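Note sheet for the following structure.
Number of protein chains: 2
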Amino acid sequence: MSENIFRSTCPISSSLDLFGDKWTLLIVRDLLYHGSRTFKGLFQSEENIPSSRLADRLKKLENMGAITKEKHPSNKKVFIYRLTQKGKELAPVIIELIIWGNKNLSEHVSEESKTFYQKLENDKESVLIELMK
Amino acid sequence: MSENIFRSTCPISSSLDLFGDKWTLLIVRDLLYHGSRTFKGLFQSEENIPSSRLADRLKKLENMGAITKEKHPSNKKVFIYRLTQKGKELAPVIIELIIWGNKNLSEHVSEESKTFYQKLENDKESVLIELMK
DNA sequence: TATATTTGCTTCAATTATTGAAGTAAAGTT
DNA sequence: AACTTTACTTCAATAATTGAAGCAAATATA
């Protein structure tokens, strides 16, 4: 008897019901950039996510089918998190956040991010293809 | 002495610091679709936002320069909310949420939204131009 | 003109979410 | 055998959200 978590039948609203918070898309970002990551790797990203939050966001992402969790081939205590197709399809959302942030918050954005943004403005499609592969 | 609200210099993270929640982008959605709205109009959208939340999200959106609040020309107790350029530039983010939601949550999405999604898949660019104008 | 209604909020108590620090168990390293 | 690492969990304090109620000014209605 899983209750309905969706506030309406609007796809924007339903998407936000799943990942409309301050952490979930940052985890997706790290997985997009790195391909795969461990708990520790995700934990060390610069925004300082509390480990309790990281743990429950990973569970939610797994439950919604956006990531998989698999055993490390040689180290039994490490798990590897990876985006599924569904998770990779969040790349366009993230790309648009990068564009909005660069256009509207440029004084707060690092040089590294600005460089990436230039590539994006130059050829969004190939950046997307590269990220999602 | 306004303290820094941004967790890092990543534009994704900073964007989420501003509108990474379950309500803000729904207000932007309604303003995009309707062009302009009153408090009442926004309050009546189908997700049932609490009026206290609507009030503070409107303040935040105004503070971040994404919307304007102006007096109604003939009715002194009504205010009209409108997107600024900065606010309109959130349209691509919203469009990508629509696409992701339709692709990945289609069983929860209304027929009306599916029709709009078809238009989007057909010609995203002109839908965007229409929304942002 | 008096009364009722509408609009755009604010207030507040209860519930829920988040933080940040500490702890734990199993596995790996020295 | 002792120490460290990894992937978490636990928990108390703080912050955010909900949902209902209230309120003042403006407007509509009788």
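Sequence lines, in order, name chains A and R. Numbering-wise (this note's numbering), the first sequence opens with residue 4 and increments by one. Numbering-wise (this note's numbering), the second sequence opens with residue 4 and increments by one. All residues carry an ideal CB built from backbone N, CA and C; glycine is no exception. All figures in this text were calculated on a predicted structure; none of them were measured in a lab.
Inset, instruction - Determine, using beta carbons only, whether residue 112 of chain A comes closer than 7 angstroms to chain R. - result: Residue 112 of chain A counts as touching chain R.
Legend entry - Local Cβ density within 10 Å of residue 111 of chain R, reported as buried at 16 or more and exposed below that: With 16 or more other Cβ atoms inside 10 Å of its own Cβ, residue 111 of chain R counts as buried.
Legend entry - DSSP three-state assignment for residue 86 of chain A, whether helix, strand or coil: Residue state for residue 86 of chain A is assigned as strand, using DSSP reduced to three classes.
Legend entry - Proximity to residue 14 of chain A [Cα-Cα], best of R:136, R:113 and R:127: When each option's Cα is compared against that of residue 14 of chain A, the closest is R:113.
Legend entry - Pick from R:82, R:68 and R:10 that is closest to residue 45 of chain R, judged by C-alpha positions: Measuring from the Cα of residue 45 of chain R, the nearest candidate turns out to be R:82.
Inset, instruction - Would you identify the three-state DSSP class for residue 39 of chain R, choosing helix, strand or coil? - result: Secondary structure at residue 39 of chain R: strand, using DSSP grouped into helix, strand and coil.
Legend entry - Local Cβ density within 10 Å of residue 18 of chain A, reported as buried at 16 or more and exposed below that: Burial state of residue 18 of chain A is buried, judged by a 10 Å Cβ sphere holding 16 or more other Cβ atoms.
Legend entry - Touching by the beta-carbon criterion (3+ pairs, under 8 angstroms), the region 26 to 34 of chain A and the region 78 to 95 of chain A: Here the region 26 to 34 of chain A lies against the region 78 to 95 of chain A, with 3 or more beta-carbon pairs under 8 angstroms apart.
Legend entry - Cα-Cα separation, residue 68 of chain A to residue 89 of chain A: A straight-line Cα-Cα distance of about 7 angstroms links residue 68 of chain A and residue 89 of chain A.
Legend entry - Option nearest residue 72 of chain A by Cα separation, candidates A:49, A:47, A:39 and A:98: Relative to the Cα of residue 72 of chain A, the nearest Cα in the group A:49, A:47, A:39 and A:98 belongs to A:39.
Inset, instruction - State the beta-bridge partners of residue 71 of chain R as determined by DSSP. - result: Beta-bridge pairing links residue 71 of chain R to R:85.
Inset, instruction - Report yes or no: is there a C-beta of chain A within less than 7 angstroms of the C-beta of residue 65 of chain R? - result: Residue contact check for residue 65 of chain R against chain A: no CB pair falls below 7 angstroms.
Legend entry - chain R contact for residue 96 of chain A (CB, 7 angstroms cutoff): Nearest CB-CB separation between residue 96 of chain A and chain R: below the 7 angstroms threshold.
Legend entry - Closest residue to residue 60 of chain A among A:35, A:22 and A:101 (Cα-Cα distance): For residue 60 of chain A, the nearest C-alpha among the options comes from A:22.
Inset, instruction - Grab me the residues of residue 8 of chain A's own chain with a C-beta within less than 6 angstroms of its C-beta, minus the 5 sequence neighbours each way, in chain order. - result: Annotation for residue 8 of chain A: 20 place their beta carbon closer than 6 angstroms to its own, counting only its chain and skipping 5 residues before and after.
Inset, instruction - Can you tell me which of the three DSSP states residue 66 of chain R falls into? - result: In this structure, residue 66 of chain R counts as helix in the three-state DSSP scheme.
Legend entry - Buried or exposed by the 16-neighbour rule on C-beta atoms within 10 Å, applied to residue 1 of chain R: The question about residue 1 of chain R has no answer here: the residues shown for chain R are numbered 4 through 136.
Legend entry - Residues from the region 99 to 111 of chain R in contact with chain A, defined by Cβ distance under 8 angstroms: Within the region 99 to 111 of chain R, 99, 100, 101, 102, 103, 104, 105, 106, 107, 108 and 111 place their CB atoms closer than 8 angstroms to a CB of chain A, listed in sequence order.
Legend entry - Exposure of residue 107 of chain R, with buried meaning 16 or more beta-carbon neighbours within 10 Å: Around the Cβ of residue 107 of chain R, a 10 Å sphere holds 16 or more other Cβ atoms; the residue is buried.
Inset, instruction - Could you name the residues of chain A that residue 9 of chain R contacts, counting a contact when the two beta carbons are closer than 9 angstroms? - result: Per Cβ cutoff of 9 angstroms: 108 and 111.
Legend entry - Under 9 angstroms from the C-beta of residue 45 of chain A: neighbouring residues of chain R: Within chain R, no residue comes near residue 45 of chain A; the closest Cβ sits about 14 angstroms away, beyond 9 angstroms.
Inset, instruction - Starting from the Cα of residue 78 of chain A, find the closest Cα among A:47, A:41 and A:12 and give me that residue. - result: Measuring from the Cα of residue 78 of chain A, the nearest candidate turns out to be A:41.
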